[in-house]
Amino acid sequence: MDHNVKRCPKTGRIIGQPQPRSEARDDTSGSGRSGSDTTKSGIPRRTFIAGSAAAVGSFSLTACGGKTLTGKPLPTPTESQRARKKQTPSTVALVPCASYEDDPMPELKKYAKLLKLPDLSGKTVLLKPNMVEFHPGSPVTTNPAALKAAFHLFDYLGAKDIIIGEGPGHMRDTEFLLEATGLGKACKELGVKFVDLNLDELEVLDLKEGFSGLKHMFLPRTLMNADVVVSVPKMKTHHWVGMTASMKNFFGAVPGRKYGWPKNLLHMRGIPQCILDLQELIKPRFALVDAVVAMEGDGPINGKAKEMGFFVLGDDLAAIDATCARTIGFDPYELDYIKIAGEVVGNISTDAVSVIGLEVDKVKKTFERPVTFKNKKLLAESENQAS
Amino acid sequence: MPKAEKIESKGANKSSSPQTLEAKSVQQALSRVDKYIEKAFRNGAWGYSLGESPCIEPTVYCSIARRKDHHMRKQVIEFLCSNQNQDGGWSTSPGIGKSDWTSGLALLALRLLFKEDGGVDAKHAAAIDKAVSYLFDSRTEFYGALAKFLLLISKGDAGLNYPRGWPWSPGCFHWVEPTAYTLLALKLPVHIEKQDSKRVIERADNFLLEHACKDGGWNHGNDLCLKVFLPPFVVTSAEALVALADHQSADVVQHALKNLPNTIGYAGSAMSLAWVAIAQKSHDRDTSESIKKLIERQHEDGSFGPNLMVTALSMLALQAHLGDNVLKV
Chain A
1 MDHNVKRCPK TGRIIGQPQP RSEARDDTSG SGRSGSDTTK SGIPRRTFIA
51 GSAAAVGSFS LTACGGKTLT GKPLPTPTES QRARKKQTPS TVALVPCASY
101 EDDPMPELKK YAKLLKLPDL SGKTVLLKPN MVEFHPGSPV TTNPAALKAA
151 FHLFDYLGAK DIIIGEGPGH MRDTEFLLEA TGLGKACKEL GVKFVDLNLD
201 ELEVLDLKEG FSGLKHMFLP RTLMNADVVV SVPKMKTHHW VGMTASMKNF
251 FGAVPGRKYG WPKNLLHMRG IPQCILDLQE LIKPRFALVD AVVAMEGDGP
301 INGKAKEMGF FVLGDDLAAI DATCARTIGF DPYELDYIKI AGEVVGNIST
351 DAVSVIGLEV DKVKKTFERP VTFKNKKLLA ESENQAS
Chain B
1 MPKAEKIESK GANKSSSPQT LEAKSVQQAL SRVDKYIEKA FRNGAWGYSL
51 GESPCIEPTV YCSIARRKDH HMRKQVIEFL CSNQNQDGGW STSPGIGKSD
101 WTSGLALLAL RLLFKEDGGV DAKHAAAIDK AVSYLFDSRT EFYGALAKFL
151 LLISKGDAGL NYPRGWPWSP GCFHWVEPTA YTLLALKLPV HIEKQDSKRV
201 IERADNFLLE HACKDGGWNH GNDLCLKVFL PPFVVTSAEA LVALADHQSA
251 DVVQHALKNL PNTIGYAGSA MSLAWVAIAQ KSHDRDTSES IKKLIERQHE
301 DGSFGPNLMV TALSMLALQA HLGDNVLKV
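Protein chains in written order, with our numbering: chain A, 1 to 387; chain B, 1 to 329.
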């Protein structure tokens, strides 16, 4: 028996089976894409051929991606894509937690009951924090206290096994990130296994009707084998897509061993499109967003800390992200991926999302927006910048 | 005496004494890690962790670290050659999609392993040749045919001579790390001899040289994004320094070397310490401090953590400290 052949319990697909080299599947559909660059003289190389940019098919390429880099308009979901959307109203809890020093468990348990979160007895739960990069003193990553809170909450809900899994999006030095962010220490204290999703065994998943144009994606086996996947992100502004919270967090589930650091292919295929495709493939069940201290301004890396004092908990990630957006003074409909998620993932309109716990209007703080929102030209100019 | 030479000779003087003092403990660490990697070898390859399926990257670093083992060498060469894709590249693991960034590393391993055998044999020469062609063809392309024509007629040959490196995924932007890996593959053990190879290497060198951060060192790609100057990271900086060891006198290189201790992640992991030590050695700097800290991170089982690639890289750093820096360009 080939020990390498294993079936994914969630999808039923055979995983880990090597394919003949001659039939190796393409990562992408269509042809390769062109890049862009600048010279040290500061002259964009394509400036001199400005008029023919479209003709030569050059595209913007940046580390943190870009708007729709392919130049395509945002997709209009098909009927079958719309059919995936959650059909019932959603409830999101804004759970008070003034400080990471506080014990959030009494409140989290209370709201878990009010949300009627299910018994997870016998289930393997994977918690996915955000550990994208490290900047000393800056709230780039999920706080260890938030990760511990997520662990205790899902332990309380009866999970048989809890795994922490993350594939840092920018830096490949996971050992350093675990130490520097304190998330490694948290894992040790909890006695929980950490899986580097960047290096995990891979499963290939078909994308039959996705938004990105990718035919399939490779995703970590541990993630796909988990019965329940929980997003445990940090709420931050994001210079390319406005805001990052529960859905965008899954860029860190994409394996660097295949796609690199940063995971540039996802950015080239369009951040909104890939966020939506990852939702469809991973099917996360819950999210607990760390908004005790969030990030405003030039997020997701270079922004500033902003105290908010709550967690966001629920089982509809579109509703959670829409609610997060409202608490920081954004209209979720102006954020492309949330707008489309409202058509294919879950609810985003206030009519369909009930908020319990803290009131949005009372906790709302108008965040300083990313520089790209103040100066839209930057997005277009950024095609000559990459990191 | 040029500035760069002065610095080099200083470093060489500094490093001689501590090396002798620490040689025994370094040898012991080396022996333990060697045994660990040897035990982890299965079916001609290594996975990222013990017991996991074969992957190109850990196989490359482990096999280079254990390159003196003739029996292992033969098996790894067969593994790499038999899992080469038709286009000449490699995928992260056999059968896992299109050829990707691990292709440069696979070529690096083959070239260094064949060197131990006294050169590539006729049977495997085609594999090397295909790999080099793949790497030349898979550089990040910026312009279509029309734009290239316009560049040619407006600027002549110089118009097409723009810096270009390698992407992580086919068709994506070029980044510091895959470019550094591929440069090593083309430069080691000696510069590859093929038509255009000089120009390909020169352009990739220039990509690295032109994209250094203003503080010294490298971020992942550009030094500037959305009008924000980006900070250098230790791993990317050290990798670029290793690939650019034949540009020691360049200001960018000297600046990066000087700033290495200030980069994010410095001395924060076995991976960073190993890369830093190899970079320091490649530029004739003292490695004692890095190696001392690295050895402190060695586990009881001889490994440097669960990631076999990091463990093998650490072994290469220990070897470099003892004067056998196989990644020295």
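Even glycine gets a Cβ: it sits at the ideal position worked out from N, Cα and C. In this text the structure is predicted, and so the values were computed from the model without any measurement.
When C-beta distances to chain A are compared with 9 Å, the residues of the region 92-110 of chain B below that value are 92, 93, 94, 95, 96, 97, 98, 99, 100, 101, 102, in chain order.
Bridge pairing for residue 55 of chain B: B/46 [DSSP]. Taking a Cβ-Cβ threshold of 8 Å, the residues of chain B close to residue 302 of chain A are 228, in chain order. Separation of residue 251 of chain A and residue 152 of chain A (C-alpha to C-alpha, rounded to the nearest whole angstrom) is 25 Å. In this structure, residue 216 of chain B lies away from residue 161 of chain B, with their beta-carbon atoms at least 8 Å apart.
Taking 8 Å as the cut-off, the Cβ atoms of residue 175 of chain A and residue 271 of chain B count as close. One thing to note: residue 113 of chain B has its Cβ no nearer than 8 Å to the Cβ of residue 56 of chain B. Here residue 310 of chain A is near residue 363 of chain A, since their CB atoms are less than 8 Å apart.
Put simply, the CB of residue 141 of chain A is far from chain B, with every gap to its CB atoms at 8 Å or more. The beta-bridge partner set that DSSP reports for residue 243 of chain A consists of A/237. By the C-beta density criterion, residue 93 of chain B is buried, having at least 16 other C-beta atoms within 10 angstroms. Our two residues, residue 353 of chain A and residue 290 of chain B, have alpha carbons roughly 54 Å apart in a direct line. Look at residue 299 of chain B here: in three-state DSSP terms it is coil, with no helix or strand label. When Cβ-Cβ separations below 8 Å define contact, residue 248 of chain A makes no contact with chain B. Not a single CB atom of chain B sits nearer than 8 Å to the CB of residue 299 of chain A. Contact of residue 130 of chain A with chain B by beta-carbon distance below 7 Å is absent, the smallest such distance being about 17 Å. At a cut-off of 8 Å between beta carbons, residue 225 of chain A makes no contact with chain B.
Rounded to whole angstroms, residue 294 of chain A and residue 167 of chain B show a C-alpha spacing of 33 Å. Close partners of residue 315 of chain B in chain A (Cβ separation under 7 Å) are lacking, with about 16 Å as the shortest Cβ gap. The three-state secondary structure of residue 71 of chain B, taken from DSSP, is helix. Our two residues, residue 119 of chain A and residue 312 of chain B, have alpha carbons roughly 44 Å apart in a direct line.
Any Cβ of chain A closer than 8 Å to the Cβ of residue 178 of chain B would place that residue at the interface, and such an atom is present.
Per DSSP, reduced to three states, the secondary structure at residue 296 of chain A is strand. Among the residues of chain B, those whose CB is under 9 Å from the CB of residue 171 of chain A are 220, 233, 235, 236, 264, 265, following chain order. Note on geometry: alpha-carbon atoms of residue 171 of chain A and residue 289 of chain A lie some 22 Å from one another. A Cβ of chain A is located within less than 8 Å of the beta carbon of residue 168 of chain B. Of A/91, A/213, A/312, A/298, the smallest CA-CA separation from residue 271 of chain A is found for A/213. Among the residues of chain B, none has a CB under 9 Å from the CB of residue 238 of chain A; the nearest is roughly 12 Å distant. The region 285-372 of chain A contains, as complete alpha helix (DSSP H) runs of 4+ residues, the segments 317-327, 336-344, 360-363 (chain order). Only exposed fits residue 333 of chain A, as fewer than 16 other CB atoms lie within 10 angstroms of its CB. Here residue 190 of chain B is exposed, its C-beta having fewer than 16 other C-beta atoms within 10 Å.
A distance of 8 Å or more separates the beta carbons of residue 194 of chain A and residue 204 of chain A. Within its own chain, the residues whose Cβ lies closer than 8 Å to the Cβ of residue 299 of chain B, once the five positions on either side in sequence are excluded, are 305, listed in chain order. By the Cβ test, the region 321-331 of chain A is not in contact with the region 101-120 of chain A, since fewer than three Cβ pairs between them sit closer than 8 Å. Around the C-beta of residue 87 of chain A, fewer than 16 other C-beta atoms lie within 10 Å, and the residue is accordingly described as exposed. The DSSP-derived three-state label of residue 121 of chain B is coil.
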